[in-house]
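Report on the structure given below.
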Amino acid sequence: MLTHIPAKIIALDLDDTLLKDDLTISDYTVSVLQKAVQKGIYVTLSSGRTDNAILTYVRRLDIAGTQGGRYIIAQNGAAISDLHERKAIYSRVLEGDILTRVYCKAREMSLVCEVYDASTIYIPQPNKWSDIDAKLSGLKQQVVADFETFLMKRHPKTVVPGEPEVLQKLQAELKEEIGDRCVIFTSKPYFLEVMPKNTGKGEALMWLAEHLGIPQSQTLAFGDAMNDESMIRLAGTSVAMKNGTQEIKNIADCISDYTNDEDGVARFIEKYVLNDC
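Following our numbering, the numbering of the sequence shown begins with 66 at its first residue and continues without gaps.
Following this line, the structure appears as structure tokens:
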């Protein structure tokens with residue numbers, strides 16, 4: 066029976082995990098995570114979002130100035146930033162030929178690709194799906210005229226937004242063609258993501274833990290969807306949210322008793338992490 070988890074670093078997915086459905090964080094959750102930081106635990110937000118889209122929630126937690134709130138994992142594990150030094154300390158990128166192949170395959174299905182920097186979604190043309198992404202992330206959009214050339218500069222990841230059934234077909238074709246050179250998954254039913262090979266939130270968490278001298282056994286991760294898969298698989302202790310996908314629940318060590326909308330993360334941490342620090 067689970068009684069106490071000796072976590073030294075806690076990695077938290079945002080959407081549908083730490084965040085409520087209305088994209089907020091409750092005062093109760095803020096207080097619990099601040100207590101964790103005060104106990105010397107690193108609390109690291111780990112998201113598919115870019116740095117600037119994550120910083121909104123770091124500010125809400127009010128932990129950026131602490132040692133425990135110093136690091137964030139962005140773009141589904143393609144980047145780790147040190148907020149005190151204001152720089153990336155870890156980064157992975159997709160090669161240009163992979164990016165352009167995804168772009169061409171997507172275009173054949175009347176879909177668009179997106180790539181990102183810390184504050185901007187870059188797109189080949191305006192579309193309703195990128196508008197949805199911009200609204201969710203709070204990032205600005207910029208149309209790039211010669212998008213294929215822009216992709217050759219290499220980027221941490223690309224996202225193809227669209228109708229889920231169309232994305233499933235695209236995902237199957239991309240996996241068959243280039244699946245040995247990259248990671249391909251759906252983070253939400255309407256977002257298909259392509260990442261560099263051997264890149265994910267889990268790999269980033271393991272790198273950061275080693276960087277901080279924390280053993281794998283003292284890493285704790287929370288997630289709900291397939292972009293959390295490597296983090297759930299690699300963490301010393303992993304927690305799938307009650308509202309998470311069945312695939313993630315199947316590989317997690319634990320399933321939270323509460324959903325994201327019920328402060329599931331904070332309730333779990335208070336019960337199993339802060340009970341004997």
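Think of the CB as a built atom: it goes at the ideal place given N, C-alpha and C, for glycine as much as any other residue.
Closest by C-alpha distance to P221, when choosing among G130, E258, E150, M306: E258
Beta-carbon separation of I19 and V108 under 8 Å? The chain is shown only over 66 to 342; residue 19 falls outside these bounds and no answer can be derived.
Identify the continuous beta strand (DSSP E) that holds M306 and give its terminal residues. It is not in any beta strand (DSSP E) - M306 carries neither H nor E in the DSSP assignment.
At which residues does the alpha helix (DSSP H) containing Q252 begin and terminate? First, the residue type needs correcting, since residue 252 is Ser and not Gln in the sequence shown. It is not in any alpha helix (DSSP H) - S252 instead sits in the beta strand (DSSP E) that spans 247 to 253.
If S303 sits next to D326, beta carbons under 8 Å apart, how far is it from one beta carbon to the other, in whole angstroms? Incorrect: roughly 21 Å between the Cβ atoms, too far for contact.
What is the DSSP secondary structure of L270, counted as helix, strand or coil? helix
Host beta strand (DSSP E) of S111 (start-end): 107 to 111
Since K266 and A76 should fall inside the 8 Å C-beta cutoff, what is the C-beta to C-beta distance between them, to a whole number of angstroms? 7 Å
What three-state label does DSSP hand Q207 in the structure shown? strand
I want to know whether the region 245 to 265 touches the region 225 to 235 - three or more CB-CB distances under 8 Å. yes
Assigned secondary structure, S96 (DSSP; H/G/I helix, E/B strand, else coil): helix
Please give me, in chain order, every unbroken run of the beta strand (DSSP E) with length at least 3 that falls completely inside the region 147 to 189. 152 to 156, 185 to 188
Closest residue to Q207 among K218, A153, V225, D182 (Cα-Cα distance): D182
Apply the 10 Å Cβ neighbour rule to T385 and answer buried if 16 or more other Cβ atoms are within range, or exposed otherwise. Nothing in the structure corresponds to residue 385, since the chain is present only between 66 and 342.
Distance CB(I186)-CB(L204) smaller than 8 Å: yes
My guess is that N141 and N292 are in contact by the Cβ rule of under 8 Å, so how many angstroms apart are they, rounded? 5 Å
For S175, does the count of other Cβ atoms within 10 angstroms reach 16, so buried, or fall short, so exposed? exposed
If you draw a straight line from the alpha carbon of A72 to that of L285, how long is it in whole angstroms? 6 Å
Within 8 Å, strictly: CB atoms of K170 and L239: yes
Is DSSP giving T82 helix, strand or coil here? helix
Given a threshold of 16 other Cβ atoms within 10 Å of its Cβ, counted over all protein chains shown, does A237 qualify as buried or as exposed? exposed
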